[in-house]
Amino acid sequence: MLLTLTTALLPVFLTLVLGYFAAMRGEFSAPNAKVLTRLVMHYALPMALFAHVTAMPRDLILTRAPLGALLFAGMMGPFIAAYFTGRWLLRRRLAPIVASRTAMITALCLSAPSIPFVGVPVLGQLYGANSGLIVSLGGLIINLVQLPLALLVLAAPAAEATAQETRDAHRNSLFFMIGHVKAALREPVVWAPLLALGLQLAGVHVPVWVRQPLHLLAVATGGVALFATGIVLQTRRIMVSFSVGLVVLIRNLAIPLALLGLLLVFKPPLPPQVGAEAVVTLALPTAALGTILAVAFQVAEREAASILFFSTLCSAVTLPLLLWLTL
Numbered sequence: 577m578l579l580t581l582t583t584a585l586l587p588v589f590l591t592l593v594l595g596y597f598a599a600m601r602g603e604f605s606a607p608n609a610k611v612l613t614r615l616v617m618h619y620a621l622p623m624a625l626f627a628h629v630t631a632m633p634r635d636l637i638l639t640r641a642p643l644g645a646l647l648f649a650g651m652m653g654p655f656i657a658a659y660f661t662g663r664w665l666l667r668r669r670l671a672p673i674v675a676s677r678t679a680m681i682t683a684l685c686l687s688a689p690s691i692p693f694v695g696v697p698v699l700g701q702l703y704g705a706n707s708g709l710i711v712s713l714g715g716l717i718i719n720l721v722q723l724p725l726a727l728l729v730l731a732a733p734a735a736e737a738t739a740q741e742t743r744d745a746h747r748n749s750l751f752f753m754i755g756h757v758k759a760a761l762r763e764p765v766v767w768a769p770l771l772a773l774g775l776q777l778a779g780v781h782v783p784v785w786v787r788q789p790l791h792l793l794a795v796a797t798g799g800v801a802l803f804a805t806g807i808v809l810q811t812r813r814i815m816v817s818f819s820v821g822l823v824v825l826i827r828n829l830a831i832p833l834a835l836l837g838l839l840l841v842f843k844p845p846l847p848p849q850v851g852a853e854a855v856v857t858l859a860l861p862t863a864a865l866g867t868i869l870a871v872a873f874q875v876a877e878r879e880a881a882s883i884l885f886f887s888t889l890c891s892a893v894t895l896p897l898l899l900w901l902t903l
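577 is the number of the first residue of the sequence shown in my numbering; add one for each residue after it.
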């Protein structure tokens, strides 16, 4: 068990530390991290997901529906609860639009695990070829559900907008959300796994000579993503507060432990390993998406960066704990 934990996690934190110190030495900066992230999200990760999913037997994919349901519940439940609770609490001391936007950033940081970045090397080491579908399912939930909802709230009209502008914004909110879903579907990290799933479910075999060339760049996904995350962690201003600690505690421990407890109590008839895969996936540290949107919309930037920093740091302890509980 110790060997499994070390093999899965040591490369993750070593690469994060390398990225952190490379930025500290001035060799890399925030713009460099954006370039590396673009390489991962537009090329390396889509290739990896397409290759992994098309290599999986169709029958195995069909048996993974319960995993998708668990991930959806484990990500969207906290997302919705955190947003409405945070908005209600923050409206006592902030303007409604600021409270709503801040609550949305917090909800993203709390509910979205770093599946495309930390998940690729960790899940790949633990679950092998099955990890491709896990990453695909989690990524689709983030990109097709959470991200459009977040943008819908973050781009809402400010308090000083005219009544006509507000009415127009509300009237067009559905079209706004549909537009962001369409935009998400144009991203390679979204359509590549969807295409792979469609081909497999339709019974279309993708030959090895098509999949194999994709692996050359695909293998860089985890390392480049983690290195870029290390750069981001070093270039953001960090703060310590009760709210940051609470979000990190819920993200890293409460959510995966709650799912594990529900699975142990109700014992649903799930295929082998599905419960463990869902728990470990939800135990990953927070995704960088919350920080990216916080910077883009200038909302709770320090809080989001601090949650990303401490969630990633604390996962050195919490992730092995959850792995041990699911072995």
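Even for Gly, the Cβ is constructed at its ideal location relative to N, Cα and C.
On a predicted model such as this, the values are computed, not experimentally measured, just so you know.
Assigned secondary structure, residue i (DSSP; H/G/I helix, E/B strand, else coil)
| i | result |
| --- | --- |
| T639 | coil |
| L903 | coil |
| R668 | coil |
| A657 | helix |
| A631 | helix |
| A731 | coil |
| R762 | coil |
| G662 | helix |
| G779 | coil |
| Q874 | coil |
| A796 | coil |
| E736 | Per-residue confidence for E736 stands at a pLDDT of 44, beneath the threshold of 50, marking its modelled position as unreliable; the derived number appears in the next sentence. Coil. |
| L884 | helix |
| A892 | helix |
Check whether residue i and residue j have beta carbons under 7 Å apart
| i | j | result |
| --- | --- | --- |
| A624 | A794 | yes |
| F626 | A796 | no |
| I883 | T862 | yes |
| A880 | T867 | yes |
| A599 | I807 | yes |
| R677 | L725 | no |
| A658 | T630 | no |
| L833 | G695 | no |
| G715 | I691 | yes |
| L621 | V765 | yes |
| A641 | G662 | no |
| L702 | A584 | yes |
| R878 | R813 | yes |
| F885 | L809 | yes |
| A892 | F589 | yes |
| L825 | A760 | no |
| G799 | T591 | yes |
| L713 | G653 | no |
Nearest candidate by alpha-carbon position, reference residue i, set the options
| i | options | result |
| --- | --- | --- |
| L686 | V696, F660, S707, I710 | F660 |
| F873 | L728, S605, L594 | L728 |
| E545 | G755, L899, K758, T811 | Nothing about residue 545 can be read from this structure; the chain reaches only from 577 to 903. |
| V698 | L838, L869, R813, P587 | P587 |
| F803 | V593, Y619, A584 | V593 |
| V711 | F886, F818, E853, F885 | E853 |
| L612 | R813, G595, R878, T682 | G595 |
| I637 | L829, V850, L839, A726 | V850 |
| T902 | V855, V871, A870, L860 | V855 |
| P689 | W900, L899, S887 | S887 |
| W767 | M651, T639, Y619 | Y619 |
| T639 | P848, A870, S891 | P848 |
| L865 | G704, L829, F693, S817 | F693 |
| P789 | G798, W664, H628 | H628 |
| L684 | S891, G650, P672 | G650 |
| N828 | L858, L770, A609 | L858 |
| Q776 | D635, L839, A705, R669 | D635 |
| V616 | L839, T805, V824 | T805 |
| V757 | G774, C890, L723, W785 | L723 |
| L822 | C890, W900, T591 | C890 |
| I718 | V780, I754, F655, R668 | F655 |
| M632 | W900, R669, V782 | V782 |
Opposing strand residues paired with residue i [DSSP bridges]
| i | result |
| --- | --- |
| P689 | T862 |
Near the ligand ZN: residue i beta-carbon under 6 Å from a heavy atom
| i | result |
| --- | --- |
| A804 | Absent from the structure shown: the ligand ZN. Ligands present: none. |
Problem set entry | Every unbroken alpha helix (DSSP H) within the segment 808-860, with a cutoff of 4 residues, ordered by chain | 818-825, 831-842, 850-858
For this session: May I have a chain-ordered list of the alpha helix (DSSP H) segments no shorter than 4 residues that lie completely inside the segment 579-615?
Result: 606-615
Problem set entry | Sequence ranges, alpha helix (DSSP H) only - wholly within the segment 704-728, length at least 4 | 707-717
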